[in-house]
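Add 26 to the 1-based position in the sequence shown for our numbering, that's all there is to it. We put the beta carbon where it would ideally sit given N, CA and C, even for glycine.
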Amino acid sequence: MSNLRESIDVYIKRVKELAEHCRGNEQATKQSLIGPFFTMLGYDLTDPRECLPEYKADFGKDRSSKPIDWGFKHSGSFAFFVEAKEVGKKLAAYDEQLGDYFAKDPMVKLGILSSGVSWRFFTDIVNPNVMDKEPFAKWDILLDDAPPYDVLTLLQKTQFNPELIRTYAQRQRQTNHLVAELTRLLEPSSEFTKLAIANIETRNLTAAVVDSWKPVVASAIGEWAKQRMLTTALTPQPLASAEPAKISTTKEELDSFETIKKILGATRPVEYEDSAAYFKVHIAEKRTWVCVRLYLDRKIPLVAVPLSADEVAPLAGGLSTNGTAIAGWTTVSLNSLGQIAELGELFKLAYQSVNKADKKPE
């Protein structure tokens, strides 16, 4: 992925340097901007076995059609079609010619519309074999959009899998719809604000009081979302896979568990459960009552406990805390796994906190 990112950076620089020279000229756009994009992803545009320029499909004697700019093949069958427009021409939200070619071949699950500086990626989530009206991903290079790394990774010749691309598109569409719905629901309305501050505000919840809280609630929602994103970023997962993520419990995790178990003693019995994200230590026979999380496969190993930073700092033995944000948890960064044995009082407090809490953190 790092090599791809470097190649994308080089490509972005090329587009910014050459875009103005290709303006209004479709052939220059194709040769100087669009073609190099697919070369970057490993395709040989000079090999007709995998790339057919100016490909023209037979739509029947009663209907004439223009050729599509490129038809790309994978494993002997067409995999995706590309329609090019010159730099300076605004891309439509939907291109009928691209849609026609997409529908012509049921094997094709990807349509790409590009002017070299703007890219639109389409599939058929709404109706099978009918190209969606809206792209599942966009990239406008001259607007300094972040590159769609997930899409470009899946589009590489060595990685290409139409079902993975469609799965990604489905998830992206669901995410976009959910974000729009959450934005509508969490504007925040007066009703939502009242609910959020009911246990905080001691004054009567008059209209003026509620209105004064709205920007605070909106800011808090943004902070909560950011923390959730950082939590997910701890252990990136594949976009899609035919097999579930493999869980491998290491000797270091088992040794660390034995250390924590010994520290807590017989009066604080614990068990463990490994996951793809982290190694969990929980109260015995209560698997959702997690008191310690271990992230030992990171460059800087972490211990996380469901306590506030103020509670953790005095018991962390001078180690760095909250190096990584996890909503509802405080992390301690380790210089070595041997330092786990020095956090006994922290583990005892975490156990006590979870054991007496009304809601047990997972």
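Quick one: Cα of K99 to Cα of A172, how far? 28 Å
Report the rounded CA-to-CA distance for E43 versus K240, giving the unit in angstroms. 45 Å
Do three or more CB pairs link the region 292-311 to the region 358-368 at distances below 8 Å? no
On the DSSP letters alone, give me the boundaries of the beta strand (DSSP E) that E299 sits inside. 296-300
Just reading off the alpha helix (DSSP H) that T357 is part of, what are its end residues? Segment 356-359 is the beta strand (DSSP E) holding T357; no alpha helix (DSSP H) there.
Let's see if you can read the secondary structure: which residues bound the beta strand (DSSP E) around S103? 103-110
Proximity below 8 Å, CB of L136 to CB of P188: yes
Residue range of the beta strand (DSSP E) that S141 falls in? Here S141 belongs to no beta strand (DSSP E), and DSSP marks it neither H nor E.
Using a threshold of 8 Å, state whether the C-beta atoms of E80 and A119 are closer than that. no
Can you list, in chain order, the residues of its chain with a C-beta nearer than 7 Å to that of A310? Leave out the 5 residues immediately preceding and following it. P295, V296, E297
Between the Cα of E109 and those of G61, K312, L67, spot the shortest distance and give me the residue it belongs to. G61
Reference A302, options Q196, L117, K82, E279, closest by Cα: E279
Checking the sheet assignment: what are the DSSP bridge partners for R146? L139, K164
Inter-residue spacing [alpha-carbon to alpha-carbon] between L49 and E112: The sequence as given places Arg at residue 49; Leu does not occur at that position. Distance between the alpha carbons of R49 and E112 is about 6 Å.
Does the Cβ of W96 have 16 or more other Cβ atoms within 10 Å, making it buried, or fewer, making it exposed? buried
Any idea what DSSP makes of F85, helix, strand or coil? coil
On a Cα-Cα basis, can you pick out the residue from R146, S141, M157 that is closest to D126? M157
If I'm right that R31 touches Y194 with Cβ under 8 Å, what's the distance once you round it to whole angstroms? Not confirmed; about 18 Å, so no contact.
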